[in-house]
Amino acid sequence: MAALQPARGTRDLVGEDCRRHLHVVETARRIAACYGMEEWSTPVFEDTRVFSRSLGDTSDVVMKEMYSFTDRGGDSLTLRPEATAGICRALVSNGLTQSLPQKVFYTGPMFRYERPQKGRYRQFHQIDVEVLGAAEPLADAEVIACGWHVLKALGISGDVTLELNTLGDRDSREAYRAALVEYFTAHREALSADSLSRLERNPLRIVDSKDEGDRRIVAGAPTIAAHLTPAAAEFYDRLRRHLDAFKVPFVENPRIVRGLDYYGHTAFEFVTSRLGAQGTVMGGGRYEGLVEEMGGPPTPGVGWAAGVERLSMLLASAPDPVAPVAVVPVGEAAESPALALLQRLREAGISAEMAYRGNLKRRLERANRIKARAAVILGETEVARGVAQLKDLASGAQAEVPLAEVVARLR
RNA sequence: GCGAGCGUAGCUCAGAUGGUAGAGCGCCAGGUUGUGGUCUUGGAUGUCACGGGUUCGAGUCCCGUCGCUCGCCCCA
Numbered sequence: 000m001a002a003l004q005p006a007r008g009t010r011d012l013v014g015e016d017c018r019r020h021l022h023v024v025e026t027a028r029r030i031a032a033c034y035g036m037e038e039w040s041t042p043v044f045e046d047t048r049v050f051s052r053s054l055g056d057t058s059d060v061v062m063k064e065m066y067s068f069t070d071r072g073g074d075s076l077t078l079r080p081e082a083t084a085g086i087c088r089a090l091v092s093n094g095l096t097q098s099l100p101q102k103v104f105y106t107g108p109m110f111r112y113e114r115p116q117k118g119r120y121r122q123f124h125q126i127d128v129e130v131l132g133a134a135e136p137l138a139d140a141e142v143i144a145c146g147w148h149v150l151k152a153l154g155i156s157g158d159v160t161l162e163l164n165t166l167g168d169r170d171s172r173e174a175y176r177a178a179l180v181e182y183f184t185a186h187r188e189a190l191s192a193d194s195l196s197r198l199e200r201n202p203l204r205i206v207d208s209k210d211e212g213d214r215r216i217v218a219g220a221p222t223i224a225a226h227l228t229p230a231a232a233e234f235y236d237r238l239r240r241h242l243d244a245f246k247v248p249f250v251e252n253p254r255i256v257r258g259l260d261y262y263g264h265t266a267f268e269f270v271t272s273r274l275g276a277q278g279t280v281m282g283g284g285r286y287e288g289l290v291e292e293m294g295g296p297p298t299p300g301v302g303w304a305a306g307v308e309r310l311s312m313l314l315a316s317a318p319d320p321v322a323p324v325a326v327v328p329v330g331e332a333a334e335s336p337a338l339a340l341l342q343r344l345r346e347a348g349i350s351a352e353m354a355y356r357g358n359l360k361r362r363l364e365r366a367n368r369i370k371a372r373a374a375v376i377l378g379e380t381e382v383a384r385g386v387a388q389l390k391d392l393a394s395g396a397q398a399e400v401p402l403a404e405v406v407a408r409l410r
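The numbers in the first sequence follow numbering that gives the first Met the number 0, run straight up by one, and end at 410.
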């Protein structure tokens, strides 16, 4: 029988991989709670319209990357490609537009039908923070400070730079977009084939091109700064002042853009050079109109998402599993007392293991292999005297301890 | 959708110019029937990704397929 492989773009999280993954998620969860974020959980699949509406008219290309299917009732459902749309839908579904702001932490698997590459999978996992219903730049700064805090707590902030930009308000963006189209049209002979088609579809994206020829042209392209309305410039100023006050370091990068219309004002990415072409480790910004698309009232939002796989790859080391205590019975008469002790240890909150078989030597070898911190050796002579041999497996020191005191000694 | 590289033991990999497959780690057992780590002796393990071709002979060369990896496109 041929061995089956995981489906393309999916992978198992086993051993160290799983510990890294959980460490990222648990760290983010703990820190987000310090910022008043409450965890939500929404379905893994949704009515396809939840996502198609969030994508507006860019649909065509992007829709091809969604895992969509028709269920037996004939409804079109989609495995969520991201968390924000579902969160906005849930805000409306649960009537929470009446109690704003809502500050949300989210984590879970997402799905996109893409060609897998480094740090990029078809089933991947994100951590996500969103603040819904706050129009003030302080919310943006708080969200970014939370992200920075998570990266610091993971010990990877040294490898990561916060890059910040503003997309301005609607008037700013329209003026900027027009200026960009004019500029790139004037240089169209020099643009790459890819960027020529972007000029039609999504001119903002040219600014983000990886093509070297394009980059030379982009260097001379207009930036958003000159096209900001006074209100948009003021919003951006306040954001930067708040970040300074929060002591969050950043560099400005006018090349950070967003493809969809509902993004405005703040756009940011935490980037690293350690992950090849997938350098963005956490990205986010401000948006408007998404909640309306889900049938709610106009409600602004600001948030970020980060790929757990990418963060896991940046961790210097995997956290160790908790070191257990090994209970080692010697001889048949010791087995029941050993089981009783095993259970007492576990109920006292101490991680404890007892091998299913083997003699003393084999069990100690195994205790060593599972990195046990101590062994409790219980032979027939010990049972008869109501004691146990307590052996520290790091030092090798062994002492006789009354059975009744074993749990306290190992706490 | 496009391009490049790679596929040999559980893992990491070695196998010039074609001659019937190896190491380290890990695993199992003994040295040590109530004491692990270190040491030492021995042992098991492979459709050499799959299919075809060239050849007396293919892990090695050729063609195809599949898979993985990295990159392009896309990135909500």
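Where a beta carbon is used, it is the ideal one built from N, C-alpha and C, also for glycine.
* How is Ile143 classed by DSSP in three states: helix, strand or coil? -> The residue you call residue 143 lines up with position 144 of the first sequence. Here DSSP, grouped into helix, strand and coil, assigns Ile143 to helix.
* Any beta strand (DSSP E) of 3 or more consecutive residues that is wholly inside the stretch 333-383 -> Counting only runs of 3 or more, we get 373-378.
* To do: Would you identify the three-state DSSP class for Pro401, choosing helix, strand or coil?
  => As a working mapping, residue 401 is identified with position 402 in the first sequence. The answer is strand: DSSP assigns Pro401 an E or B state.
* Asked: Are the beta-carbon atoms belonging to Leu131 and Met293 less than 9 Å from one another?
  -> Start at 1 with the first residue of the first sequence, and residue 131 comes out as number 132. Start at 1 with the first residue of the first sequence, and residue 293 comes out as number 294. Between Leu131 and Met293, the CB-CB gap reaches or exceeds 9 Å.
* Quickly, what does DSSP pair Ile126 with across the bridge? List them, please. => Here residue 126 is taken as the residue at index 127 of the first sequence, counted from 1. Note: Ile126 sits in a beta bridge opposite Thr106, Ala305.
* To do: Label Glu233 either buried or exposed according to how many other C-beta atoms from any shown protein chain fall within 10 Å of its C-beta, with 16 as the threshold for buried.
  => As a first step, residue 233 is located in the first sequence; it is residue number 234 there, counting from the start. When all chains shown are included, Glu233 counts as exposed.
* To do: Entirely within the stretch 158-200 and at least 3 residues each: give me those beta strand (DSSP E) ranges in chain order.
  => Along the length of the stretch 158-200, whole beta strand (DSSP E) runs at least 3 residues long occupy 160-165, reported in chain order.
* Same chain only: Cβ atoms within 6 Å of Tyr286, ignoring 5 sequence neighbours per side -> Against the first sequence, residue 286 aligns to sequence position 287. Around Tyr286, the same chain offers Tyr261, Tyr262, Gly300 as residues with beta carbons nearer than 6 Å, after the five sequence neighbours per side are excluded.
* Asked: So which of Thr41, Glu135, Tyr175 has the shortest CA-CA distance to Arg237?
  -> As a first step, residue 237 is located in the first sequence; it is residue number 238 there, counting from the start. Distance check between Arg237 and each of Thr41, Glu135, Tyr175 places Glu135 closest, using alpha-carbon atoms only.
* Asked: Is Thr26 helix, strand or coil by DSSP?
  -> Counting from one through the first sequence, the residue named residue 26 turns up at place 27. In the three-state reduction of the DSSP assignment, Thr26 falls in the helix class, which pools H, G and I.
* To do: For my contact list, Ser191 and Asp207 are in at a C-beta cut-off of 8 Å; report their separation, rounded to the angstrom.
  => As a first step, residue 191 must be located in the first sequence, where it is residue number 192. As a first step, residue 207 must be located in the first sequence, where it is residue number 208. The beta-carbon separation of Ser191 and Asp207, rounded to 13 Å, does not stay under the 8 Å limit for a contact.
* Asked: Hey, Val327 and Met353: beta-carbon distance below 9 Å or not?
  -> Looking up residue 327 in the first sequence gives position 328. Looking up residue 353 in the first sequence gives position 354. In contact: Val327 and Met353 (Cβ atoms closer than 9 Å).
* Would DSSP call Val270 helix, strand or coil? -> Residue numbering aside, residue 270 sits at position 271 when the first sequence is read from its first letter. Strand.
* To do: Taking all protein chains shown into account, decide if Ser75 is buried (16 or more other Cβ within 10 angstroms of its Cβ) or exposed.
  => Here the question's residue 75 lines up with position 76 in the first sequence. So Ser75 counts as exposed.
* To do: Name the two residues that bound the continuous beta strand (DSSP E) containing Val247.
  => For this step, residue 247 is matched to residue 248 along the first sequence. Neither: Val247 is in no beta strand (DSSP E) and is coded neither H nor E.
* Asked: Arg119 and Gln4: beta carbons closer than 9 Å?
  -> Numbered from 1 along the first sequence, position 120 holds the residue referred to as residue 119. Numbered from 1 along the first sequence, position 5 holds the residue referred to as residue 4. Judged by their CB atoms, Arg119 and Gln4 are not nearer to each other than the 9 Å cut-off.
* Using the C-alpha atoms, what's the distance from Gly282 back to Gly302? -> As a working mapping, residue 302 is identified with position 303 in the first sequence. As a working mapping, residue 282 is identified with position 283 in the first sequence. It is roughly 8 Å from the alpha-carbon of Gly302 to the alpha-carbon of Gly282.
* Inspect the beta-carbon positions of Arg79 and Thr9 and report whether they are closer than 9 Å. => Residue numbering aside, residue 79 sits at position 80 when the first sequence is read from its first letter. Residue numbering aside, residue 9 sits at position 10 when the first sequence is read from its first letter. Taking C-beta atoms as the reference points, Arg79 and Thr9 fail to come closer than 9 Å.
* **Nearest residue (CA-CA) to Val375, options Arg368, Leu359, Lys209** => Taking the first residue of the first sequence as 1, we reach residue 375 at position 376. Residue Leu359 is the option with its Cα nearest to Val375.
* Asked: According to DSSP, is Asp11 helix, strand or coil?
  -> Here residue 11 corresponds to residue number 12 of the first sequence, with the count starting at 1. Reduced to three states, the DSSP call for Asp11 is coil.
* Out of Lys151, Gly275, Thr69, point me to the one whose CA is closest to Gln116's CA. => In the first sequence, residue 116 corresponds to position 117, counting from 1. For Gln116, the nearest C-alpha among the options comes from Gly275.
* Asked: Taking Thr160 as the reference, which of Leu166, Gly167, Lys151, Asp168 has the closest Cα?
  -> The residue you call residue 160 lines up with position 161 of the first sequence. Of Leu166, Gly167, Lys151, Asp168, the residue nearest in Cα terms is Lys151.
* Would you mind giving the Cβ-Cβ distance between Val61 and Ile86, rounded to the nearest angstrom? I have them listed as a contact below 8 Å. => Counting from 1 along the first sequence, the entry for residue 61 is found at position 62. Counting from 1 along the first sequence, the entry for residue 86 is found at position 87. At roughly 19 Å, the Cβ-Cβ gap does not stay under 8 Å, so Val61 and Ile86 are not in contact.
* Under a Cβ-count criterion, where at least 16 other Cβ atoms within 10 Å of its own Cβ denotes burial, should Cys17 be classed as buried or exposed? -> The residue you call residue 17 lines up with position 18 of the first sequence. A residue is called buried once 16 or more other Cβ atoms fall within 10 Å of its Cβ, and Cys17, having fewer, is exposed.
* To do: Please work out which residues of its chain come closer than 6 Å, Cβ to Cβ, to Asp70, disregarding the five sequence neighbours upstream and downstream, and give them in chain order.
  => As a position in the first sequence, residue 70 is number 71, starting the count at 1. Cβ-Cβ distances below 6 Å link Asp70 to Leu76 in the same chain, with the five nearest sequence neighbours on each side left out; the list follows chain order.
* Compute the distance between the beta-carbons of Arg204 and Val256, then report whether it is under 9 Å. => Position 205 of the first sequence, counted from the first residue, corresponds to residue 204. Position 257 of the first sequence, counted from the first residue, corresponds to residue 256. The Cβ-Cβ distance between Arg204 and Val256 falls below 9 Å.
* Asked: What residues match up with Leu21 in a beta bridge as DSSP calls it?
  -> Here residue 21 refers to the residue found at position 22 when the first sequence is read from its first residue. When beta bridges are read from the DSSP output, Leu21 appears opposite no residue.
* Buried or exposed: where does Glu141 fall if 16 or more other Cβ atoms within 10 Å of its Cβ makes it buried? -> For the purposes of this step, residue 141 is taken as the residue at position 142 of the first sequence. Buried, since its Cβ has 16 or more Cβ neighbours within 10 Å.
* Asked: Assuming Ala305 contacts Gln125 under a Cβ cut-off of 8 Å, what Cβ separation, rounded to an integer in Å, is found between them?
  -> Counted from its first residue, the first sequence places residue 305 at position 306. Counted from its first residue, the first sequence places residue 125 at position 126. Going by Cβ atoms, the distance from Ala305 to Gln125 rounds to 6 Å, so yes, they are a contact pair.
* Asked: Which class does Asp207 belong to by DSSP, given the choice of helix, strand or coil?
  -> To locate residue 207, count along the first sequence from 1; it is residue 208. Here Asp207 sits in helix by DSSP.
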